[in-house]
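The next block holds one structure in the form of structure tokens; read it before the comments.
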Amino acid sequence: MKMNRLTLASLLTVLFLAFGAIWTLAQDADRDIERIAGEVYRFRNKFHYSVFAVTPEGIIATDPINAEAAAWLKEALQRRFNQPVKYLIYSHEHPDHISGGEVFADTAIVVAHERAKAKIVDEQRRTAIPHLTFTDRMRIELGGTTVELSYVGRNHSDNSIVMRFPKERVLFAVDFIPIETVAFRDFHDAYIEEWIDSLERVERMDFDILAPGHGRVGTRDHVRQFREYMQDLHREVLKHARAGMSLEEMQQTIRLPKYEKWLGYQSDNNPNNPNNPNWFPMNIAGMYRYIQNHRRPN
Ligand SMILES: [Zn+2]
């Protein structure tokens, strides 16, 4: 059979369009799903991520992010896996991660730390109120998949938990272990020394893959790197504060070149650029405020 160039070009166009149509079933510009390990997947909604595990008895899902994202995910899970969400686990109570839980509440048991539930109720968050809470540890098993929930102390909030999938060696941790990124802005609502303790607890846990709530997937070693960043920042700000330096002087003076390649470190960029936010001077300000408020008596 002889095929002329025009026919070949048309065939390629048809194939391209067909593959394009299949591909867009699984993703659009703002959202997609990718496999991390085994049956544990990662869901992205713009700059926010959560994870879910697919089992023969249903799906264990985590942060719904918001109602629109949750509706998209629910539909994608139904179409792709034909399974209902049986558990929905909140990482912490901040609304940018856990709004929209009501989308899954028809089939799911909603789980969170007990202080997350209290805040969701008190502050009237737009999400499903947790059915099941815990203080230190909880283990959920469904269809041969286990997820271990651990409270590791106060850090970015007072109710953040980590979720470990031991079989897949994945840990999902949100907002308190950025990967090769300085801390978000100025440590609003944070507990800095306890945060460092909680990072050390996570460093002692057994996993290979770190799935964060923002940015790319990392490894267990990224926990150590961020813990060292927090300690280095604390030490430098404390030293300069003891020398009587003002905040403005510190922001001009303090440099941590070990982290100069990290997202958010460079202080001479555009603060409105979401791809390289100007957070390092804000980290200095937040650490200085923390040190002033937690000065120990001599
Ligand atoms: Zn948060």
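Heads up: the sequence shown runs through residues 0 to 297, numbered per numbering that gives the first Met the number 0.
Beta carbons: idealized from backbone N, C-alpha and C, even for Gly.
Grab me the residues of residue i's own chain with a C-beta within less than 6 Å of its C-beta, minus the 5 sequence neighbours each way, in chain order.
i: V181; result: W261, G263, Y264, W278, F279, N282
i: T134; result: E113
i: R34; result: Y40
i: S197; result: V151, G152, N154
i: S159; result: H91, F175
i: P83; result: G57, T106
i: L255; result: D231
i: F103; result: V84, L87
i: H31; result: Note that residue 31 is Asp in the sequence shown here, rather than His. Around D31: R43.
i: G217; result: I178, L209
i: N81; result: none
i: E101; result: A127
Which partner residues of residue i appear in the DSSP bridge assignment?
i: R34; result: Y40
i: H47; result: N44
i: S90; result: DSSP output for S90 lists no bridge partner at all.
i: F171; result: M162, A210
i: V146; result: I139
i: F133; result: H112
i: A298; result: An answer regarding residue 298 cannot be provided, because it is not within the stretch 0 to 297 covered by the chain.
i: L246; result: Answer is none; L246 lacks a bridge partner.
i: V84; result: I58
i: G217; result: L209
i: L237; result: Its beta-bridge partners do not exist; DSSP assigns none.
i: T180; result: L262
i: I302; result: Given that the chain is displayed from residue 0 to residue 297, the structure contains no residue 302 and the question cannot be resolved.
Short of 7 Å in beta carbon distance, which residues of its chain neighbour residue i, apart from the five on each side in sequence? Order them along the chain.
i: Y287; result: V236, A240, L246, M249
i: R168; result: A36, F206, D207, I208
i: V120; result: I128
i: K116; result: I128, P129, T132
i: R200; result: V151, G152
i: M0; result: The pLDDT assigned to M0 is 45, lower than 50, so where the model puts this residue is not dependable; a value taken from the coordinates is nonetheless given after this. Result list for M0: empty, nothing under 7 Å.
i: H96; result: H47, D62, I64, S90, V173, G212
With 16 other CB atoms within 10 Å as the buried threshold, where does residue i fall?
i: K257; result: exposed
i: V161; result: buried
i: A172; result: buried
i: R136; result: exposed
i: F206; result: buried
i: D157; result: buried
i: F46; result: exposed
i: R79; result: exposed
i: N44; result: buried
i: P55; result: exposed
i: E38; result: buried
i: H187; result: exposed
i: R215; result: exposed
i: K118; result: buried
i: G243; result: exposed
i: R203; result: exposed
i: Y289; result: buried
i: R234; result: exposed
i: A28; result: exposed
Near residue i, which residues of its chain fall below 8 Å by C-beta distance, leaving aside the five closest residues on each side in sequence?
i: T61; result: S49, V50, F51, L87, I88, Y89, S90, M162, F171
i: N292; result: none
i: A284; result: D185, L246, Q250
i: G99; result: P63, I64, N65, A66, E67, A68, A69, A70, R125, T126
Is it a yes or a no for the region 124-131 touching the region 140-150, going by three-plus beta-carbon pairs under 8 Å? no
The region 65-83 contacting the region 190-201, beta-carbon criterion three pairs below 8 Å: no
Collect the residues with a C-beta less than 5 Å away from any heavy atom of ligand 1 and give them in sequence order along the chain. H93, D174
Touching by the beta-carbon criterion (3+ pairs, under 8 Å), the region 74-83 and the region 169-185: no
Does the pairing of the region 108-122 with the region 49-56 give three or more beta-carbon distances under 8 Å? no
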